[in-house]
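Residues are numbered in the numbering used here as their position in the sequence shown, beginning at 1, plus a constant of 630. Ideal placement from N, C-alpha and C gives every residue a C-beta, glycine not left out. For clarity, every value in this text was computed on a predicted model and none was experimentally measured. Take a look at the structure below.
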Amino acid sequence: MISVIDTNILLDIFLPDPLHGESSLKLLEEVYSQGSIIICDIVYCELAPQFKEKGVLDESLEKIGISILNANTDTLYKAGLLWLQYRKHQKSRERIIPDFIIGSFAMVQGDRLITRDRGFYRDYFKGLKLNLG
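Okay, here's the thing in structure tokens:
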């Protein structure tokens, strides 16, 4: 099982978030026991501002067994199409393309997405497995 981790789960752990930190860490531990854990380059980029040095970010991800993969062109194309569909149906622009890249990355290059933002991904990424369900 290849689990793709969303930025919010990792920020909960690294910051740490007083409300979600403990539950996100427990979730990550459960996921780790079931297979490999990956993030896409977009998640890495979103984490970067929280670390003063690149080496510290890299070491932190390595310590918890997370590999970083680049989104491939199939992922990026799917993300673009899904974002276009979203824009056609939404009056406001609450979501940006990186959200769609993360979801598409999980669908194309992983087996499931581990996130706290299940409502959005459930609505726009039909068939994407979320969390441990």
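Using the Cα positions of residue i and residue j, report the straight-line distance between them to the nearest angstrom.
i	j	result
D753	L691	29 Å
L687	F750	27 Å
E659	I727	29 Å
G651	L645	8 Å
G763	L743	For G763, the pLDDT reaches just 49, beneath the cut-off of 50, and the residue's location in the model is therefore unreliable, leaving the point undetermined.
E724	L714	13 Å
D636	I669	7 Å
P679	L641	11 Å
What would DSSP say about residue i, mapped onto helix, strand or coil?
i	result
I698	strand
S690	helix
Can you check which of these residues, the options, is closest to residue i by C-alpha distance?
i	options	result
S663	L706, D729, S633 and I732	S633
K756	Y716, E689 and L649	Y716
I731	K693, I694, C675 and K684	C675
S672	A736, G695, L649 and G665	Ser is not the amino acid found at residue 672; the sequence shown has Ile there. It is A736.
Y707	S734, A678 and N638	S734
L655	I639, G665 and S722	I639
Contiguous beta strand (DSSP E) assignments of at least 3 residues, all confined to the region 721-757: 742-744
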